[in-house]
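Protein chains in written order, with this note's numbering: chain A, 336 to 710; chain B, 2 to 441. Virtual Cβ for every residue (Gly too), placed ideally from N, Cα, C. Note that the structure is predicted; figures quoted are calculated from it, not measured.
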């Protein structure tokens, strides 16, 4: 995404790419799928050793960045993971780590955040509900005060890596406001219901809360004060999702170009036909535009700019619109092999199509923009 | 084509520059919608009609007098020698003010032709012409396209015959914006018809009021004049009035087109065409853009209409992403990550965005776009819809841009060209249309 990486980021980028090419080439992704999907904990720990879960955590809690701008550093990992449609709870863990670093109390940071950075624990954000909205106003899962404790009731859906998570960051409704809770997966009354996922290795599930009792110490931040954290978490998740998607589409365009230059029809390469050249030109334009807007949005979230909500929705709306269309066009340009299991295209199509619909669709983000524009 | 873009090497920081700019702008120009018109007032005081051209010229003169003209142009030619970051910063500070579309008016002069002179002209030519461009005293046009060919620029048939120390030009140029109010033009003409087409061209500098040069404004489908056709009838120019070398005009034309596509796409490191609300992606008051569309939707009671909200947001996404792409292409070409011709990515994105936003505006306006109450001022929406294809055609059609992107940016095989290495005199081309008695 970023065209100008500093020396340390450059090194980090090269190390990340090499690590993924070795530990998680496409053949490994397919093998992982055959074995049930999800991600290997050892692989995730190896990534954590490189800092994949540490970039948004304070140093005192085991955190550390490459460039001082942690979100942009972990976006480098996300983009490389997109390039190889790799498994792993990168966004899931980093979203929670970011909030715990900012709002977690001493115990939460000591017991959970440190373990997240090492990969010992995996966390995920439980926010959307069965209706599939990432609009904070649609949260219905209720948290009711019961003496000194809280009772949680409701269902969270579309929770990334729900079956692998040791702890959930749950966004609940407390009266007219939102409160977030850190809830271990083993808490009585918490049930994870795995769902089918379009992606070959990324798992999603429902997390059902039936009379789940948690202590007051489970509250993250202040009661009724979670709206700002929810917005920040959405932004962080989207920066990493966008980075992953642009990594994927850039790679797909690249190997489709190679294919069209090699493959001959009627005596000349496919890439010499003007109709196809023009399609490639359009796709190059769209890919560069996706890269550009993902970068600008990422920077605005890193800097906590006042227009970060607008820019992240611009980026998501544009990328969600274009990315699946680009990969589908590349399927078209491959002809029949483009719709086979054997060809790698569907691995990418699955990832970008899923990303387009999670954390808000293009349509959802356009609706958000209309509101921000005062419509 | 290198300019120093590293902010660290420059004396005045962007922040300090912005502070000065803010003070200057507040002192000199009126905020948009304030009802004040210092530019118009100054012109009227001097007995000059406050037309679009005169207002823009005045704005440029004031920028120059205030020390804010030619921000990224070298100091030795009258510029400030600052960076594209300073240029962008000035545009941001200027957004709330009425600068009379100065960016658009001087778009060709300072965004396209000026940078080309910087890259390829002799010191004598640069010293004579650049300062007057920056000061707002001289406006320039491009005499490139011809009635016999627009896309095939290298196929120009306008002839320049040597006669001692001068060249004599004969032929016709067309689609020239602004020839009717400009001072100088760069003119691509054929100096040697017996070599392959790309090798026999020269870029001349021609005063628009030269004897033998007739400018004919063309009427557009919208009813406006906007482009011109020119007839060159034994127009003489000095042999030193060239940009670059004799017979190397194609190098100059190619460079000019790169600058043009960058400028039109919003990615020029020399000039912001959108400054002061001028032509270009991301301009403020256009009803097809940003907050203008919000106002349009509300005016038609569509504020709560879900589909209308989607359309308004879609337009905002496209115009915002266009700006992001402009920044990226600028940095990428500076770093060599993308070739200079990557400006075509911007041009294509800008024009496809314009097409889509034109459609969105029409969708929101409904019947009021096609039947309306007469007012002064802005072009009615339905009429501007007639010009929807304009930016997909001018400065190289979208089809040509796709050829450039696929061939020069992606490196895909070039189109077959039967005229590439053959003497120009042997190539098939369109017949020059006969000029009618009524001059058309």
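Taking a contact to require three or more Cβ pairs closer than 8 Å, the stretch 16-23 of chain B and the stretch 329-341 of chain B do not qualify as touching.
When CB distances to chain B are screened at a threshold of 8 Å, the residues of the stretch 606-625 of chain A falling below it are 606, 607, 609, 612, 613, 615, 616, 617, 619, 620, 623 and 624, in chain order. For residue 102/B, no CB of chain A lies under 9 Å from its own CB, so it is not counted at the interface with that chain. Under DSSP, residue 185/B forms a beta bridge with 141/B and 208/B. The C-beta of residue 531/A has fewer than 16 other C-beta atoms within 10 Å across all chains shown, which makes the residue exposed.
Comparing C-alpha distances from residue 354/A to each of 676/A, 608/A, 386/A and 465/A shows the shortest one belongs to 386/A. Looking from the CA of residue 702/A, the closest CA among 680/A, 651/A and 406/A belongs to 651/A. Non-local beta-carbon contacts of residue 182/B in its own chain, meaning distances under 8 Å to residues more than five positions away in sequence, involve 54 and 140 in chain order. In this structure, residue 629/A lies away from residue 635/A, with their beta-carbon atoms at least 9 Å apart. Between residue 198/B and residue 155/B the beta-carbon gap is near 5 Å, inside 8 Å, which marks them as a contact.
The CB of residue 698/A comes closer than 8 Å to the CB of 311 in chain B, given here in chain order. Against chain A, a Cβ distance below 7 Å from residue 414/B picks out 604, 606 and 607.
Only residues of its own chain outside the window of five on either side were considered, and among them 672 have a CB closer than 6 Å to the CB of residue 678/A, listed in chain order. Listed along chain A, no residue sits closer than 8 Å to residue 96/B by beta-carbon distance, the nearest being about 14 Å off.
The beta carbon of residue 666/A lies closer than 6 Å to those of 673 and 680 in the same chain, with the five residues before and after it left out.
In terms of Cα proximity to residue 45/B, the closest of 125/B, 56/B and 36/B is 56/B.
With contacts defined as CB atoms closer than 9 Å, residue 584/A and residue 658/A qualify as a contacting pair. Using a CB distance cut-off of 9 Å, residue 694/A does not count as an interface residue toward chain B. Take residue 645/A, set aside five residues on each side of it, and the residues of its chain with a beta-carbon closer than 7 Å to its own are 704 and 707, in chain order.
In terms of CA proximity to residue 387/B, 363/B leads the group 363/B, 128/B, 15/B and 320/B. Beta-bridge pairing by DSSP links residue 604/A to 599/A.
At least one CB atom of chain A sits nearer than 9 Å to the CB of residue 402/B.
Residue 345/A is classed as exposed because its beta carbon has fewer than 16 other beta carbons within 10 Å across all chains shown. The alpha-carbon separation between residue 328/B and residue 432/B amounts to approximately 42 Å. The beta carbon of residue 474/A is closer than 8 Å to those of 462, 464, 506, 507, 508 and 513 in its chain, skipping five residues each way along the sequence. Counting the other Cβ atoms within 10 Å of the Cβ of residue 480/A gives fewer than 16, which makes it exposed. Against chain B, a Cβ distance below 7 Å from residue 653/A picks out 318 and 322. Taking the Cα of residue 211/B as reference, the smallest distance to any Cα among 237/B, 204/B, 153/B and 105/B is reached at 237/B.
Comparing alpha-carbon positions, the option among 567/A, 546/A and 491/A lying closest to residue 434/A turns out to be 567/A.
For residue 325/B, a Cβ of chain A is located within less than 9 Å of the residue's own Cβ.
With contacts defined by Cβ atoms closer than 9 Å, residue 41/B and residue 51/B form a contacting pair. Chain B has no Cβ within less than 9 Å of the Cβ of residue 376/A. For residue 373/B, the number of other beta carbons within 10 angstroms of its own is below 16, and it is reported as exposed.
Taking CB atoms only, residue 630/A has a neighbour in chain B less than 9 Å away. With fewer than 16 other Cβ atoms from the protein chains shown falling within 10 Å of its own Cβ, residue 166/B counts as exposed. Interface annotation for the stretch 340-351 of chain B against chain A: 346, 349 and 350, criterion Cβ-Cβ distance under 7 Å.
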